[in-house]
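Student:
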Amino acid sequence: MSNQVRQVEKVSDIIKVLRAGAEFYEDAKDEVKENRIEVFFDRMADQKRQAAESLQSFSIAEQGEMETGEAVSVNMRKLYTDIVSLISTNKTHTVISQLEEVEDKILEVIDEALEEDQPDTCARALRKLRAQMQENHDEMKALQKATH
1 MSNQVRQVEK VSDIIKVLRA GAEFYEDAKD EVKENRIEVF FDRMADQKRQ AAESLQSFSI
61 AEQGEMETGE AVSVNMRKLY TDIVSLISTN KTHTVISQLE EVEDKILEVI DEALEEDQPD
121 TCARALRKLR AQMQENHDEM KALQKATH
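Under UniProt numbering, the first residue of the sequence shown carries the number 1, and numbering increases by one thereafter.
1. Are the beta-carbon atoms of E116 and E23 separated by less than 7 Å?
2. For the alpha helix (DSSP H) that L99 lies in, which residues bound it at each end?
3. Does the separation of the CB atoms of V11 and A113 fall below 7 Å?
4. Run the CB neighbour count on G21, radius 10 Å, all protein chains shown included, and call it buried at 16 or more, exposed below.
5. The alpha helix (DSSP H) with M133 in it runs from where to where?
6. Between the stretch 132 to 147 and the stretch 31 to 51, do three or more beta carbon pairs fall short of 8 Å?
7. Under the assumption that C122 contacts F40 (Cβ atoms under 8 Å), give the Cβ distance between them as a whole number of angstroms.
8. Quick one: what's got a C-beta closer than 8 Å to L129's C-beta in the same chain, skipping five residues either side?
9. Would you tell me roughly how many angstroms separate the C-alpha atoms of K105 and E139, rounded to the nearest one?
10. Alpha carbon to alpha carbon, how far is Q7 from G60? Give it in angstroms, no decimals.
11. So Q118 and L126 are in contact, right, with Cβ under 8 Å, and what is the actual spacing, rounded?
12. Check Q7 in the structure and name its three-state DSSP category.
13. Give every residue of the same chain whose Cβ lies closer than 7 Å to the Cβ of H148, excluding the five residues on either side of it in the sequence, and list them in chain order.
14. On the premise that V74 lies in contact with V102, defined as a C-beta separation below 8 Å, what is that separation, rounded to the nearest angstrom?
Shown next, in the form of structure tokens:
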């Protein structure tokens, strides 16, 4: 067994995707005009923000400071959605479909971080977050099917 201390890896990437995802949910509320979906989007955005905040101590361990950025890939998806929504006959479904893709991206970056040899406390936090974000993904997938 090595005496080498394991370093936190890729947590700042997760925070960036979560923050951008929360912003996307906030913006998406303007595209849908159904109260129940707006409430759902609020809950999803809040969970993303809380999850990002809960990982900040690991980001500090990883890069020496809090992560304040957002993921470019999610912001590009948001721009794409804005453009497609302008020409789509079913804006709600278009927005929901793109948000489901954001949920996929969140799971992907968490899985990438879990593939690293993380410190135990970080790995536990990531596994817990992975389970919560899988539930979010499944809810969004169900909403996507319901609005098709």
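C-beta atoms are modelled at their ideal positions from N, C-alpha and C, and glycine is treated no differently. Bear in mind the structure is a predicted one, so any value in this text is a computation, not a measurement.
Tutor: Quick answer:
1. Here the question's residue 116 lines up with position 116 in the sequence shown. Here the question's residue 23 lines up with position 23 in the sequence shown. With contacts defined as CB atoms closer than 7 Å, E116 and E23 fail to qualify as a contacting pair.
2. Position 99 of the sequence shown, counted from the first residue, corresponds to residue 99. Per DSSP, the unbroken alpha helix (DSSP H) holding L99 starts and ends at K91 to L114.
3. Working through the sequence shown from its first residue, we reach residue 11 at position 11. Working through the sequence shown from its first residue, we reach residue 113 at position 113. Cβ atoms of V11 and A113: closer than 7 Å.
4. The residue you call residue 21 lines up with position 21 of the sequence shown. Flag for G21 reads buried.
5. Position 133 of the sequence shown, counting from 1, holds the residue named residue 133. Residues D120 to A146.
6. Short answer: they touch.
7. Within the sequence shown, numbered from 1, the residue matching residue 122 stands at position 122. Within the sequence shown, numbered from 1, the residue matching residue 40 stands at position 40. Not confirmed; about 30 Å, so no contact.
8. In the sequence shown, the residue the question calls residue 129 occupies position 129. These residues qualify, in order along the chain: I14, A51, S54, L55 and I110.
9. On the sequence shown, residue 105 is found 105 positions in, with the first residue counted as 1. On the sequence shown, residue 139 is found 139 positions in, with the first residue counted as 1. Roughly 15 Å separates the two Cα atoms.
10. Within the sequence shown, the letter at position 60 stands for residue 60. Within the sequence shown, the letter at position 7 stands for residue 7. It is worth fixing the name first, because residue 60 is Ile in this sequence and not Gly. For I60 and Q7, the distance between alpha carbons rounds to 11 Å.
11. What you label residue 118 is simply residue 118 of the sequence shown in a count that begins at 1. What you label residue 126 is simply residue 126 of the sequence shown in a count that begins at 1. 7 Å between Cβ atoms; contact.
12. Locating residue 7 in the sequence shown gives position 7, counting from the first residue. Coil, per DSSP.
13. Looking up residue 148 in the sequence shown gives position 148. Within the same chain, and ignoring the five residues on either side of H148 in sequence, the residues whose Cβ sits closer than 7 Å to its Cβ are H93.
14. By 1-based counting over the sequence shown, the position of residue 102 is 102. By 1-based counting over the sequence shown, the position of residue 74 is 74. That belief holds up - the Cβ atoms of V102 and V74 are roughly 6 Å apart, short of 8 Å.
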